[in-house]
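Residue numbers (the working numbering), protein chains in the order written: chain A, 7 to 127; chain B, 232 to 388.
Spelled out as structure tokens, the structure:
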């Protein structure tokens with residue numbers, strides 16, 4: 007397999023579990039992304055942010071992984087948002103309908119503000 | 232003053248191994264930029280071409296490492312045409328209507344299957360050649376005069 011490395015990091019900021027996705031989100035990324043999501047969920051996360059890097063490659067297999075995350079987020083009564091997507095992938099997320107289930111923000115700071123507004127609303 | 236572009240073509244052959252679609256994508260993107268297409272349209276092409284190559288690798292050639300996927304690009308004053316041709320162990324017959332996101336979340340089908348939906352929305356024209364005698368032939372077309380609106384075709388909740 008010609009596998010592209012995806013680096014996944016987990017951190018907390020202002021009550022939000024941030025999953026940093028650095029690299030290509032393809033079929034090879036499934037275990038890493040699901041594992042990171044499981045870890046933050048087992049840690050009690052209510053708010054989850056998938057933080058992408060602008061220039062990454064996301065294909066339909068990667069989108070399928072993210073749909074799986076949305077399913078789990080709904081099941082676990084969490085709130086999901088995404089940040090750091092390029093304009094192109096923001097368009098792709100809207101086309102496939104992911105934007106209906108996860109707020110899209112330009113960057114991490116905007117996403118944290120969005121979570122804050124949602125909790126105080 | 233009307234801009235004149237020169238005609239050009241390029242061919243690639245990649246193995247049926249996931250990941251090589253990225254190499255084809257980058258080569259075709261460089262070709263399209265050289266032919267004068269905008270960055271935004273080339274981004275659309277990159278996603279569409281990647282998905283078409285993945286379909287050829289996974290569904291047409293069924294991941295058989297000895298089979299090839301050929302990618303041919305032809306560009307002239309009017310359009311860029313890209314043809315993706317596999318060696319067709321399996322005739323690729325996609326479902327007529329992809330499931331909506333709501334249906335997928337309800338567990339009514341596979342999480343996969345978004346590739347053709349994306350291609351249809353990103354390209355000016357795309358489709359299989361129904362008369363291909365030797366494997367699946369799928370084409371993508373971008374016109375220089377872009378007229379297609381990107382309207383999501385999925386059903387919503």
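From the three backbone atoms N, C-alpha and C, an ideal C-beta is built for every residue, glycine too.
Checklist entry - With 8 Å set as the bound, which would you pick, yes or no: does the beta-carbon of residue 41 of chain A sit closer than that to a beta-carbon of chain B? => result With 8 Å as the cut-off, residue 41 of chain A does not count as an interface residue toward chain B.
Item to check | Inside the stretch 286–365 of chain B only - beta strand (DSSP E) runs reaching at least 3 residues | outcome: The qualifying runs are 299–306, 310–316, 356–359.
Checklist entry - Measuring CB to CB, does residue 347 of chain B end up less than 8 Å from residue 329 of chain B? => result Yes, the pair counts as a contact, with Cβ atoms nearer than the cut-off.
Item to check | Residue from A/105, A/47, A/61 whose Cα sits closest to the Cα of residue 73 of chain A | outcome: Closest by alpha carbon: A/105.
Checklist entry - Quick one: is residue 41 of chain A buried, meaning 16 or more other Cβ sit within 10 Å of its Cβ, or exposed? => result The Cβ neighbour count for residue 41 of chain A, taken over all protein chains shown within 10 Å, is under 16; the residue is labelled exposed.
Next on the checklist: Output needed for residue 385 of chain B: all residues of its chain with C-beta closer than 6 Å, excluding positions within five of it in sequence on either side, in chain order.
Outcome noted: Bear in mind that a pLDDT of 45 at residue 385 of chain B, under 50, signals an unreliable position, so the model cannot answer this.
Item to check | Closest by C-alpha distance to residue 95 of chain A, when choosing among A/50, A/64, A/45, A/121 | outcome: Per the Cα distances, A/64.
Checklist entry - Got a sec? Which residues, its chain only, sit under 6 Å from residue 298 of chain B by beta carbon, not counting five neighbours each side? => result Closer than 6 Å at the Cβ level, and outside the excluded window around residue 298 of chain B, lie 247, 292, 318.
Next on the checklist: Out of A/117, A/119, A/48, which one is the CA nearest neighbour of residue 78 of chain A?
Outcome noted: Ranking A/117, A/119, A/48 by Cα distance to residue 78 of chain A puts A/48 first.
Next on the checklist: Between A/61, A/51, A/36, A/87, which has its C-alpha nearest residue 107 of chain A's C-alpha?
Outcome noted: The shortest Cα separation from residue 107 of chain A among A/61, A/51, A/36, A/87 belongs to A/87.
Next on the checklist: With a threshold of 6 Å on Cβ separation, who are the neighbours of residue 51 of chain A within its own chain once the five nearest residues in sequence on each side are excluded?
Outcome noted: Apart from sequence neighbours up to five positions away, the residues of its chain that approach residue 51 of chain A with a beta-carbon distance below 6 Å are 23, ordered along the chain.
Checklist entry - In whole angstroms, what is the alpha-carbon distance linking residue 84 of chain A and residue 338 of chain B? => result Cα-Cα distance, rounded: 19 Å.
Next on the checklist: Could you compute how far the alpha carbon of residue 370 of chain B sits from the alpha carbon of residue 359 of chain B?
Outcome noted: Spanning the two alpha carbons is a distance of roughly 6 Å.
Checklist entry - So what does DSSP say about residue 111 of chain A, is it helix, strand or coil? => result In the structure shown, residue 111 of chain A sits in a strand (DSSP, three-state: E or B).
Next on the checklist: Excluding the 5 residues flanking residue 263 of chain B on each side, which residues of the same chain have their C-beta closer than 7 Å to its C-beta?
Outcome noted: Contacts found: 273, 276, 311.
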